[in-house]
Amino acid sequence: MIDKTTASLQQALTQIKDGATIMIGGFGTAGQPAELIDGLIEFGVKDLVIVNNNAGNGDYGLAKLLKSGAVRKIICSFPRQSDCYVFDELYRAGKIELELVPQGNLACRIQAAGMGLGPIYTPTGFGTLLAEGKPTLNYDGKDYVLENPIKADFALIKAHQGDRWGNLVYRKSARNFGPIMAMAADVTIAQVSKVVELGALDPEHIITPGIFVQHVVQVQPAQ
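Position 57 (the sequence shown) corresponds to 57 in the UniProt record's numbering; numbering is contiguous.
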């Protein structure tokens with residue numbers, strides 16, 4: 001019997017080791033798996049490479065992980081916003097490495113890994129500092145730059161509901177990077193608000209099929 005439900009966050013996170021590359025879902029705080037991040041901090045791993053759209057907000061979730069000193073490098077699109085002071089202080093002090101990736105390129109590079117593709121050509125970034133040292137191509141009169149897929153050891157994502165097979169549905173904009181990150185990681189851990197019975201999820205509404213998910217943990221939202 002396939003049952004991917006895990007009793008606790010700690011049980012699901014114990015396989016993560018120092019030096020792991022981890023994709024963390026979320027667009028800002030929307031869809032961010034805050035409870036999984038808190039569990040990762042408690043677990044005490046370090047030297048992590050994190051892939052996320054942002055670089056944390058305030059002292060919450062991802063920012064809290066950065067503040068703990070567990071992250072060596074972050075790959076993201078938006079490292080700077082008004083409440084991103086934790087990353088800003090770490091970066092200015094030389095305590096964290098940044099790989100800046102345009103948002104569309106970030107999504108495409110993650111998708112390429114999830115689909116088993118090699119490097120991809122994209123027009124975004126051509127002729128800028130982000131393209132320095134990278135192969136380029138002129139195709140049909142347009143210039144492109146070659147970008148490598150982004151793959152991860154783990155993906156930590158947040159979904160609305162899941163079943164014991166690992167099938168997931170999301171709530172509105174909280175969906176964001178979760179589906180493609182689940183495809184591009186060796187192990188996907190999904191926190192959900194509710195684990196439902198098999199058949200309760202309309203097959204036409206399932207966004208992430210269970211084949212891409214290894215662990216489902218039910219987490220009650222904070223009051």
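Every residue gets a Cβ at the ideal spot worked out from N, C-alpha and C, and that includes glycine.
Note that the structure is predicted; figures quoted are calculated from it, not measured.
Between the C-alpha atoms of residue i and residue j, what's the straight-line distance to the nearest angstrom?
| i | j | result |
| --- | --- | --- |
| T128 | E197 | 50 Å |
| G61 | P135 | 36 Å |
| S173 | A30 | 7 Å |
| N167 | V101 | 30 Å |
| I189 | V195 | 14 Å |
| C84 | E147 | 27 Å |
| I96 | L66 | 9 Å |
| A113 | A152 | 9 Å |
| Q223 | P149 | Residue placement at Q223 is flagged as unreliable, the pLDDT there being 44, under the threshold of 50; a coordinate-derived value is accordingly withheld. |
| S68 | L48 | 11 Å |
| G39 | H205 | 29 Å |
| V217 | L130 | 38 Å |
Judging by CA-CA distance, which residue of the options is the nearest neighbour of residue i?
| i | options | result |
| --- | --- | --- |
| L9 | Y144, V192 and P209 | V192 |
| N105 | K142, N53, D140 and Y139 | N53 |
| residue 225 | Q214, L98, T5 and G69 | The requested residue 225 is not part of the displayed model; the chain covers only 1 to 223. |
| K158 | F177, G141, K64 and L13 | F177 |
| D202 | Q220, Y170 and G141 | Y170 |
| F28 | V49, A63 and G39 | Checking the sequence, you will find Gly at residue 28 rather than Phe. When only C-alpha atoms are compared, the closest one is A63. |
| Q59 | S77, D47 and I37 | The question names Gln, but residue 59 in the sequence shown is Asp. Ranking the options by Cα distance to D59, first place goes to I37. |
| Y144 | A185, G125, F87 and W165 | G125 |
| G26 | D3, T14 and G56 | G56 |
| C108 | K142, H215 and M183 | M183 |
| D163 | K142, E132, A185 and H215 | H215 |
If I'm right that residue i touches residue j with Cβ under 8 Å, what's the distance once you round it to whole angstroms?
| i | j | result |
| --- | --- | --- |
| M181 | A155 | 4 Å |
| R175 | I207 | 6 Å |
| V45 | A20 | 7 Å |
| F43 | I16 | 7 Å |
| G77 | Q103 | The residue asked about is misnamed: residue 77 is Ser in this sequence, not Gly. Between Q103 and S77 the Cβ distance is about 4 Å, and since that is below 8 Å, they are a contact. |
| I22 | I50 | 6 Å |
With respect to the beta strand (DSSP E) encompassing residue i, which residues constitute its N-terminal and C-terminal limits?
| i | result |
| --- | --- |
| I50 | L48 to V51 |
Along the alpha helix (DSSP H) that carries residue i, what are the first and last residues, could you check?
| i | result |
| --- | --- |
| V86 | Y85 to R92 |
| F154 | It is not in any alpha helix (DSSP H) - F154 instead sits in the beta strand (DSSP E) that spans A152 to G162. |
| I37 | A34 to F43 |
| A63 | L62 to K67 |
Does the beta carbon of residue i fall short of 8 Å from some heavy atom of the ligand HEM?
| i | result |
| --- | --- |
| V217 | This structure lacks the ligand HEM; in fact it carries no ligand of any kind. |
May I ask you to verify whether the stretch 114-124 touches the stretch 82-91, counting CB pairs closer than 8 Å and requiring at least 3?
no
Report yes or no: do three or more beta-carbon pairs, one from the stretch 68-88 and one from the stretch 31-38, lie closer than 8 Å?
no
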